[in-house]
Amino acid sequence: MTDIDVRLLVAAELDRTRRRSVVLTDAVDDDDLVRQHSPLMSPLVWDLAHVGNQEELWLVRDVGGREPVRQDIDHLYDAFQHPRKDRPQLPLLGPAEARAYTRTVRDKVLDLLDRVPLEGRPIVERGFAFGMIVQHEQQHDETMLATHQLRVGPPVLQAAPPPRAAAAVGGEALIPAGPFTMGTSAEPWALDNERPAHTVDLPAYLIDRAPVTNAQYQEFVDAGGYANPRWWSTEGWAHRMRAGLFGPMHWHGDGTYTRFGRREPLVSAEPVVHVCWYEAEAYAAWAGKRLPTEAEWEKAARFDPATGRSRRYPWGDEDPEERHANLGQRHLSPAPAGAYPEGASPAGVHQLIGDVWEWTSSDFGGYPGFAPFPYREYSEVFFGPEYKVLRGGSFGTDKAACRGTFRNWDYPIRRQIFSGFRCARSASPELA
Ligand SMILES: [Fe+2]
Numbered sequence: 002m003t004d005i006d007v008r009l010l011v012a013a014e015l016d017r018t019r020r021r022s023v024v025l026t027d028a029v030d031d032d033d034l035v036r037q038h039s040p041l042m043s044p045l046v047w048d049l050a051h052v053g054n055q056e057e058l059w060l061v062r063d064v065g066g067r068e069p070v071r072q073d074i075d076h077l078y079d080a081f082q083h084p085r086k087d088r089p090q091l092p093l094l095g096p097a098e099a100r101a102y103t104r105t106v107r108d109k110v111l112d113l114l115d116r117v118p119l120e121g122r123p124i125v126e127r128g129f130a131f132g133m134i135v136q137h138e139q140q141h142d143e144t145m146l147a148t149h150q151l152r153v154g155p156p157v158l159q160a161a162p163p164p165r166a167a168a169a170v171g172g173e174a175l176i177p178a179g180p181f182t183m184g185t186s187a188e189p190w191a192l193d194n195e196r197p198a199h200t201v202d203l204p205a206y207l208i209d210r211a212p213v214t215n216a217q218y219q220e221f222v223d224a225g226g227y228a229n230p231r232w233w234s235t236e237g238w239a240h241r242m243r244a245g246l247f248g249p250m251h252w253h254g255d256g257t258y259t260r261f262g263r264r265e266p267l268v269s270a271e272p273v274v275h276v277c278w279y280e281a282e283a284y285a286a287w288a289g290k291r292l293p294t295e296a297e298w299e300k301a302a303r304f305d306p307a308t309g310r311s312r313r314y315p316w317g318d319e320d321p322e323e324r325h326a327n328l329g330q331r332h333l334s335p336a337p338a339g340a341y342p343e344g345a346s347p348a349g350v351h352q353l354i355g356d357v358w359e360w361t362s363s364d365f366g367g368y369p370g371f372a373p374f375p376y377r378e379y380s381e382v383f384f385g386p387e388y389k390v391l392r393g394g395s396f397g398t399d400k401a402a403c404r405g406t407f408r409n410w411d412y413p414i415r416r417q418i419f420s421g422f423r424c425a426r427s428a429s430p431e432l433a
């Protein structure tokens, strides 16, 4: 890409992203914007001003070297200073002020985008800082969508239903033993935790060709899965008891669930969503399987045995299009298994990208050769056994914040996110 192409792409991506943030915040009135819909989430008006504040810190002040717009509010929007549950008590910008602030910051960014050199410092090479800010806002758009799912009241968001299944997809794919390239050193906007590319050698394994569906998960529930500690780890069972879990979040126990304010019958072929890591782990044990490791997930998604190289996405190196995956909040639910045959990987594994984030068995950590960039707080401070990795993005994730190498992480009890899973198992010697 030429320098001018990068600038045009950045401007288009910033604009596209902001339009989504506006949809999510204009959908509700001012009372709803400042209210906390769940102690797990910030008020929507916090997300909005926080997006603007990060854009100011990184692009206006750091990259652009300009005067601060609102230095006085930095501490209010520093996610490390105030946990989500405390944010409603802060003297936050109101809805009108927050909107005006984000617009002021954006105008300055578009002005400096035309002038600032995109070389000479790692932070600006190939537009990295701008890409980081686009991804950051997109991540908050997904967070805001999760807040909408927790909001009580009449529905306010509209979207077309996802495509129907075009092919029957079930069973497992065999991934033969061998090395593959995990992570990336080439993707210009990849974040520090996706780097560097490195070789991982895996024994043969089988992985589900589709995420676990509502119908499959219902079988686990009907079989008494939530009543039998046998399927649960010690910590998982303790959590199940303490939290009183009886099924995925937003299920009512009568074959219906609530989605963005609408109560509807469960769709059998749709991937199950809003399960925590412990629930995924218990289901897998009940099914005689286990969760895939992060490396197993990525090899199934990216490895092309014909060339021996790893693709950017399961379908190839092209950016996601509508025919490949359910991304970007085009639909407000996962699509049924088999809805995206054009998005399958060379191994015949479907819907790895989009629909639901997929829990893996892996703890979040740095790859060999990891270097924090642009700061330790982006990823490194979260490394360790308390966070589990999720892969692949959901229907609420934008394509700018989702790649074959993209890594998300969360606590194993969390399920307000758009989280599902698929299962894997080690191949027996005769298959390997
Ligand atoms: Fe943030």
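According to my numbering, the sequence shown is numbered sequentially starting from 2. The C-beta atom is built at its ideal place from N, Cα and C for all residues, glycine as well.
Any non-hydrogen atom of ligand 1 within 8 Å of residue i CB
| i | result |
| --- | --- |
| residue 99 | no |
| residue 51 | yes |
| residue 191 | no |
| residue 307 | no |
| residue 137 | yes |
| residue 217 | no |
| residue 76 | no |
| residue 1 | Given a span of 2 to 433 for the chain in the structure shown, any question on residue 1 remains unanswerable. |
| residue 141 | yes |
| residue 55 | yes |
| residue 401 | no |
| residue 80 | yes |
Residue i - DSSP class collapsed to helix/strand/coil
| i | result |
| --- | --- |
| residue 274 | coil |
| residue 359 | strand |
| residue 326 | coil |
| residue 29 | coil |
| residue 262 | coil |
| residue 155 | coil |
| residue 229 | coil |
| residue 317 | strand |
| residue 252 | strand |
| residue 235 | helix |
| residue 257 | strand |
| residue 214 | strand |
| residue 219 | helix |
| residue 2 | coil |
| residue 334 | coil |
| residue 245 | coil |
| residue 47 | helix |
Separation of residue j from residue i, as counted between CA atoms
| i | j | result |
| --- | --- | --- |
| residue 210 | residue 188 | 26 Å |
| residue 371 | residue 390 | 16 Å |
| residue 466 | residue 74 | Since the displayed the chain opens at 2 and closes at 433, residue 466 lies outside it and no answer follows. |
| residue 183 | residue 406 | 7 Å |
| residue 143 | residue 201 | 31 Å |
| residue 64 | residue 128 | 10 Å |
| residue 123 | residue 56 | 18 Å |
| residue 381 | residue 194 | 8 Å |
| residue 70 | residue 249 | 44 Å |
| residue 80 | residue 91 | 12 Å |
| residue 51 | residue 78 | 5 Å |
| residue 262 | residue 153 | 7 Å |
| residue 302 | residue 359 | 12 Å |
| residue 275 | residue 35 | 25 Å |
| residue 119 | residue 134 | 15 Å |
| residue 315 | residue 279 | 27 Å |
| residue 329 | residue 102 | 25 Å |
| residue 107 | residue 5 | 19 Å |
| residue 158 | residue 252 | 20 Å |
| residue 241 | residue 277 | 10 Å |
| residue 289 | residue 220 | 14 Å |
| residue 335 | residue 398 | 11 Å |
| residue 173 | residue 362 | 18 Å |
| residue 344 | residue 141 | 25 Å |
| residue 322 | residue 151 | 29 Å |
| residue 420 | residue 145 | 15 Å |
| residue 273 | residue 213 | 6 Å |
| residue 20 | residue 232 | 44 Å |
Counterpart residues of residue i in DSSP-defined beta bridges
| i | result |
| --- | --- |
| residue 173 | 209 |
| residue 389 | 364 and 411 |
| residue 180 | 202 |
| residue 426 | 207 |
| residue 420 | 358 |
Beta carbon proximity, residue i to chain C, threshold 9 Å
| i | result |
| --- | --- |
| residue 56 | Here there is only one protein chain, and chain C is not present. |
Cβ-heavy atom distance, residue i to ligand 2, below 8 Å
| i | result |
| --- | --- |
| residue 332 | This structure lacks ligand 2; the ligands present are ligand 1. |
Inset, instruction - Pick out the complete beta strand (DSSP E) segments inside the stretch 59–136, 3 residues or longer, and give them in chain order. - result: none
Inset, instruction - Would you list, in sequence order, the uninterrupted alpha helix (DSSP H) runs of no fewer than 4 residues that lie entirely inside the stretch 275–311? - result: 278–287 and 295–303
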